[in-house]
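Peer 1: Below are the structure tokens for one structure; questions will follow.
Residue numbers (this note's numbering), protein chains in the order written: chain A, 1 to 116; chain B, 1001 to 1113.
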């Protein structure tokens, strides 16, 4: 069974600093991996996804994530935080669950605070 | 602009009531999903549907049912609401070949008193 662990339920950075949000997964087969962002009072928005092509994936708003199979990690980074990046971020893993169905499992989320 | 629209942002109901949460998408997507979101638990899948009149149970289907009579509309039904169903409910949709929800609605915050 697959699982997703996001290290740190709350991360706080200063504006202009590096953003690093950690995600580790467990999966018995090569997974598809995703990062979503949720701004206050809104639904989720897909930031980026890894689908077994390039291991470094670029997403929207300057975010990127690197798939490291040996570490079973898919950490999300952004070189310079902006106040508008304050939101909750969810890592998710998708694995085939039988037939043509895929099961998506979400992590518990990391709340990012950006300080001026 | 593509949209997933949930009929209510906030809803208050009483224990034992039958509750309907409605979701409509305008993107002609085959897949539609219902999740509930609780603090510290992330998102958990209740039901999903990959075609009209088709449905599959997710991780926590107990106490819920769904209806998909038209491609654009996916309804979540709480047969007899209970206080432990107080939560944020999120609807999502995607194309058939996508392996994950692509577009989410803004959510319905449901309180059961």
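In this text, a Cβ means the ideal position worked out from N, Cα and C, and glycines have one as well.
The stretch 35 to 53 of chain A: which residues have C-beta closer than 9 Å to a C-beta of chain B, in chain order?
Peer 2: Against chain B - using a Cβ distance shorter than 9 Å - the residues of the stretch 35 to 53 of chain A are 36, 38, 41, 42, 43, 44, 45, 46, 49, 51.
Peer 1: Would you say residue 1026 (chain B) faces chain A, with C-beta separation under 8 Å as the test?
Peer 2: Output row for residue 1026 (chain B): interface = no.
Peer 1: Would you kindly work out how many angstroms separate the C-alpha atoms of residue 1102 (chain B) and residue 1032 (chain B), rounded to a whole number?
Peer 2: Rounded to whole angstroms, residue 1102 (chain B) to residue 1032 (chain B) spans 10 Å at the Cα level.
Peer 1: Just checking my contact of residue 1049 (chain B) with residue 1074 (chain B) at CB under 8 Å: how many whole Å lie between their CB atoms?
Peer 2: Indeed, because the Cβ distance is near 6 Å, the residues count as touching under 8 Å.
Peer 1: Please classify residue 1060 (chain B): does DSSP put it in a helix, a strand, or coil?
Peer 2: Reduced to three states, the DSSP call for residue 1060 (chain B) is coil.
Peer 1: Roughly how far, in whole angstroms, is the beta-carbon of residue 25 (chain A) from the beta-carbon of residue 18 (chain A), given that I think they are within contact range, below 8 Å?
Peer 2: Not confirmed; about 22 Å, so no contact.
Peer 1: Report yes or no: is there a C-beta of chain B within less than 8 Å of the C-beta of residue 92 (chain A)?
Peer 2: So, interface residue.
Peer 1: Residue 1100 (chain B) to residue 16 (chain A), Cα distance in whole Å?
Peer 2: Whole-angstrom Cα-Cα distance: 32 Å.
Peer 1: Check whether the Cβ of residue 108 (chain A) lies closer than 8 Å to any Cβ atom in chain B.
Peer 2: It does: the Cβ of residue 108 (chain A) has a partner Cβ on chain B nearer than 8 Å.
Peer 1: Helix, strand or coil for residue 41 (chain A) per DSSP?
Peer 2: Of the three classes helix, strand and coil, the one that applies to residue 41 (chain A) here is coil, per DSSP.
Peer 1: Starting from the C-beta of residue 1003 (chain B), find all residues in its chain whose C-beta is less than 6 Å away, skip the five residues before and the five after it, and write them out in chain order.
Peer 2: Contacts found: 1026.
Peer 1: Tell me where the beta strand (DSSP E) around residue 1013 (chain B) begins and ends.
Peer 2: 1010 to 1013 is the span of the beta strand (DSSP E), which, as asked, contains residue 1013 (chain B).
Peer 1: Between residue 112 (chain A) and chain B, is there a C-beta pair that is closer than 8 Å?
Peer 2: No, because no Cβ of chain B sits closer than 8 Å to the Cβ of residue 112 (chain A).
Peer 1: Any Cβ of chain B within less than 8 Å of the Cβ of residue 104 (chain A)?
Peer 2: True, the Cβ-Cβ gap to chain B drops below 8 Å.
Peer 1: Would you say residue 21 (chain A) and residue 36 (chain A) are within 8 Å of each other, going by their C-beta atoms?
Peer 2: Not in contact: residue 21 (chain A) and residue 36 (chain A) (Cβ atoms no closer than 8 Å).
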